[in-house]
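Chains as they are written, first to last, in this note's numbering: chain A, 6 to 420; chain B, 23 to 105.
Glycine included, C-beta positions come from ideal geometry on N, C-alpha and C.
As the structure is a computational prediction, the values presented were derived from the model and not from experiment.
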Amino acid sequence: MAYNPASRKIYSDQLDELRNAGIFKEERAICAPQDSEIEVEFPIGSQKKKVINMCSNNYLGLSSHPEVIKAAHLGLDKRGYGMSSVRFICGTQDIHKELERKLTQFLGTEDTILFPSCMDANAGVFEAVLTEQDVMIADRLVHASIIDGMRLCKAQNDSFKHSDMEHLEQKLQLHQDKRLRIVITDGAFSMDGDLAKLDKIVELAEKYNSMVFIDDSHATGYIGKTGRGTQEYFGVVGKIDIITTTLGKALGGASGGCVSGRKEIVEMCRQRARPYLFSNTVAPVIVEGALRVLEIISASTERRDKLEQNTIFWRKSLTEAGFIIKEGETSIVPVMLFNAKLSQDMAKDLYNEGIYAVGFFFPVVPKGQARIRTQLSAAHERHHLEKALDAFVKIGRKYDILGKTKQEIIDKYGL
Amino acid sequence: MESVKDLVLNYVKNEYLEEGDDRVIEYDTPLISGGIVDSFSMVSLLVFLETKFNIKIPDSKATPEAFDSVNNIVALLKEFNVN
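Now the structure itself:
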């Protein structure tokens, strides 16, 4: 047998290394639909606990919305459970085309192509549209899926310091000899909660004849006055050449993603993007759910407005309580703790207080920048946030970090 | 005139240290194995060297080991008669 005791030992040793380094990830079982209050089993098998969820990407609170569930049921009844095919053989239904049209309208682009996930969209898009004659210039904090996509592409890659426009300009100047240039950035950065300076990026791209790519997964649906994303926030709708985004966060939270943008680029993805060509079509149930989500958020900005109010309240309350948070415009609010163990200990104590939030540390974030990342939702009511705040303050006092500077926290807990 | 060694050192500092990053980079500081430059953004360094010194470094020479310190990079450049 090839998988002999020696093979097994290689893997068990690697897993032990992860455990010893304190970076072994354990799953928690949620015994309820996704919502602001959920029942959780952690560790799995232990008694269920009701907690306030401060760590989901359910920004608009639509993941378990009755109308979305109803639409998904309808999709199941009308178009079945699965298609047992990739899109180009016998996996494209009328509703797939309809969702692509609706996403195009919503994002204000020329055309859209669905992918099984935004991870797949990012993994496939660069290789489909760029060659070794081109260059990709990426912000250094882009999502891991973009880095994977860039690795699969033959174009030269380069990077610029996070949101450093001067550095980006130097890179654009350096690569003027290439056939195509493309600036690549997240619209909203998932770990820091800040937005790319998209107005400046577009300005530089126009000056140096470059295309612009954004992954707007953490912004689509709620950033901008009508939730069209980072491009709306910065007034550059129609000027972003490629947008990738997800249906797995604000837009219902199930799964699925897309590439939206210039029609020729979208068509190239249909012809060449490998994750699109070689994986199954998005299930009808998800397509119908997403169509209903788009109707809901196009008809009213009520949900994104509520989320905005929740975010303002949460950012202000944490700051007034004496926590150090990362400034930003999004509903991702990182509470900075700097020390990895402190982030884990505080997250555990918060859980015991009925607040579910996760501590992140190296290698997910840079060394010395450990944090608890909190995320707001339109599903949160004020009483949820007040309870969460009380718990944060209680635990913050326990560890004596309230009102302390970064240096004081580092002096007390180390890096 | 700035030596090749200092030119490379200054480039690495400006290119890879973010504002507020107080790590010290010297000629023998491990860049890649030390986590200052990841293998992905190593390309910036390659493009800089090729453009600055008007040389073409083949993939077989542009290894993480060859780029792992300013001293290593200077040794690599010598192979291309850059002194």
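Any beta strand (DSSP E) of 3 or more consecutive residues that is wholly inside the stretch 159–225 of chain A: 161–165, 186–191, 216–220
Bridge partners - A:S265, DSSP secondary structure assignment: By one-based count along the first sequence, residue 265 of chain A stands at place 260. Per DSSP, A:T117, A:I248.
Beta-carbon proximity check, A:G234 vs A:S122, cutoff 8 Å: Start at 1 with the first residue of the first sequence, and residue 234 of chain A comes out as number 229. Start at 1 with the first residue of the first sequence, and residue 122 of chain A comes out as number 117. Taking 8 Å as the Cβ cut-off, A:G234 and A:S122 do not qualify as a contacting pair.
Proximity below 8 Å, CB of B:M64 to CB of B:I54: Walking along the second sequence from the start, residue 64 of chain B turns up at place 42. Walking along the second sequence from the start, residue 54 of chain B turns up at place 32. Yes. Within cutoff.
Contact list for B:T73 against chain A, beta-carbon separation under 8 Å: Residue numbering aside, residue 73 of chain B sits at position 51 when the second sequence is read from its first letter. By Cβ distance, chain A contributes L179.
Bridge partners - A:A34, DSSP secondary structure assignment: The residue given as residue 34 of chain A occupies position 29 in the first sequence. Paired residues: A:E46.
8 Å Cβ cutoff met for A:G66 and A:R297: Residue numbering aside, residue 66 of chain A sits at position 61 when the first sequence is read from its first letter. Residue numbering aside, residue 297 of chain A sits at position 292 when the first sequence is read from its first letter. The answer is no: Cβ separation not under 8 Å.
Contacts that B:V104 makes with chain A (C-beta to C-beta distance below 8 Å): The residue given as residue 104 of chain B occupies position 82 in the second sequence. Near B:V104 there are no residues of chain A at all, since even the closest Cβ is about 19 Å away, more than 8 Å.
Buried or exposed (CB count within 10 angstroms, at least 16 for buried), B:G42: Within the second sequence, numbered from 1, the residue matching residue 42 of chain B stands at position 20. Burial call: exposed.
Whole-Å CB distance - A:S168 paired with A:K212, under 8 Å assumed: Position 163 of the first sequence, counted from the first residue, corresponds to residue 168 of chain A. Position 207 of the first sequence, counted from the first residue, corresponds to residue 212 of chain A. 18 Å between Cβ atoms; not a contact.
Contacts that B:S55 makes with chain A (C-beta to C-beta distance below 7 Å): Indexing the second sequence from 1 puts residue 55 of chain B at position 33. None at all; the shortest Cβ gap to chain A is about 15 Å.
Own chain, CB closer than 8 Å to B:N94, minus 5 neighbours either side, in chain order: If you number the second sequence from 1, residue 94 of chain B lands on position 72. Here the set comprises E87, A88.
Short CB-CB distance (under 8 Å) between A:R387 and chain B: Mapped onto the first sequence, residue 387 of chain A falls at position 382. Cβ-Cβ to chain B under 8 Å: no for A:R387.
Contiguous beta strand (DSSP E) assignments of at least 3 residues, all confined to the stretch 334–378 of chain A: 337–343, 363–365
Identity of the residues DSSP links to A:D395 by a beta bridge: On the first sequence, position 390 is the one that residue 395 of chain A refers to. DSSP, once it has assigned bridges, lists no residue as partnering A:D395.
Inter-stretch contact (C-beta, 8 Å, three-pair minimum) for the stretch 130–149 of chain A and the stretch 185–196 of chain A: yes
Chain-order list of residues whose beta-carbon lies under 8 Å from that of A:M273 (same chain, five-residue window excluded): Residue numbering aside, residue 273 of chain A sits at position 268 when the first sequence is read from its first letter. Result list for A:M273: A133, V134, in chain order.
Alpha carbon of A:L23 to alpha carbon of A:V91, nearest angstrom: Reading the first sequence from its first residue, position 18 is the one you call residue 23 of chain A. Reading the first sequence from its first residue, position 86 is the one you call residue 91 of chain A. Near 37 Å, if we compare the C-alpha coordinates of A:V91 and A:L23.
Straight-line gap, A:G401 to A:K53 (C-alpha atoms, nearest Å): Start at 1 with the first residue of the first sequence, and residue 401 of chain A comes out as number 396. Start at 1 with the first residue of the first sequence, and residue 53 of chain A comes out as number 48. Cα to Cα, the separation comes out at about 25 Å.
Residue interval of the alpha helix (DSSP H) (run including A:M155): Along the first sequence, one-based indexing puts residue 155 of chain A at 150. Unbroken alpha helix (DSSP H) run through A:M155: 149–156.
Supposed contact pair A:G96 and A:P289 - C-beta distance, whole angstroms, cut 8 Å: Within the first sequence, the letter at position 284 stands for residue 289 of chain A. Within the first sequence, the letter at position 91 stands for residue 96 of chain A. That pair is no contact at about 10 Å.
Through-space distance from A:G232 to A:I302, alpha-carbon basis: To locate residue 302 of chain A, count along the first sequence from 1; it is residue 297. To locate residue 232 of chain A, count along the first sequence from 1; it is residue 227. Approximately 8 Å, taken between the alpha carbons.
Endpoints, beta strand (DSSP E) assigned at A:M141: Here residue 141 of chain A refers to the residue found at position 136 when the first sequence is read from its first residue. Segment 140–144, the beta strand (DSSP E) holding A:M141.
Contacts around A:V398, its chain only, beta-carbon distance under 6 Å, and the 5 residues preceding and following it disregarded: Indexing the first sequence from 1 puts residue 398 of chain A at position 393. Within the same chain, A:V398 has close Cβ partners A326.
Rounded separation between B:V59 and A:I337 - CA only: Taking the first residue of the second sequence as 1, we reach residue 59 of chain B at position 37. Taking the first residue of the first sequence as 1, we reach residue 337 of chain A at position 332. Taking the straight line from one Cα to the other gives about 28 Å.
Own chain partners of A:K205 with C-beta closer than 8 Å, once the 5 adjacent residues on each side are dropped: Taking the first sequence and counting its residues from 1, one reaches residue 205 of chain A at position 200. Once the five neighbours on either side are set aside, the close Cβ partners of A:K205 are M170.
Same chain, Cβ closer than 7 Å to A:A76, five either side skipped, listed in chain order: By 1-based counting over the first sequence, the position of residue 76 of chain A is 71. Result list for A:A76: E293, G294, L296, R297, in chain order.
Rounded C-alpha distance that separates A:A143 from A:F194: By 1-based counting over the first sequence, the position of residue 143 of chain A is 138. By 1-based counting over the first sequence, the position of residue 194 of chain A is 189. Rounded to whole angstroms, A:A143 to A:F194 spans 13 Å at the Cα level.
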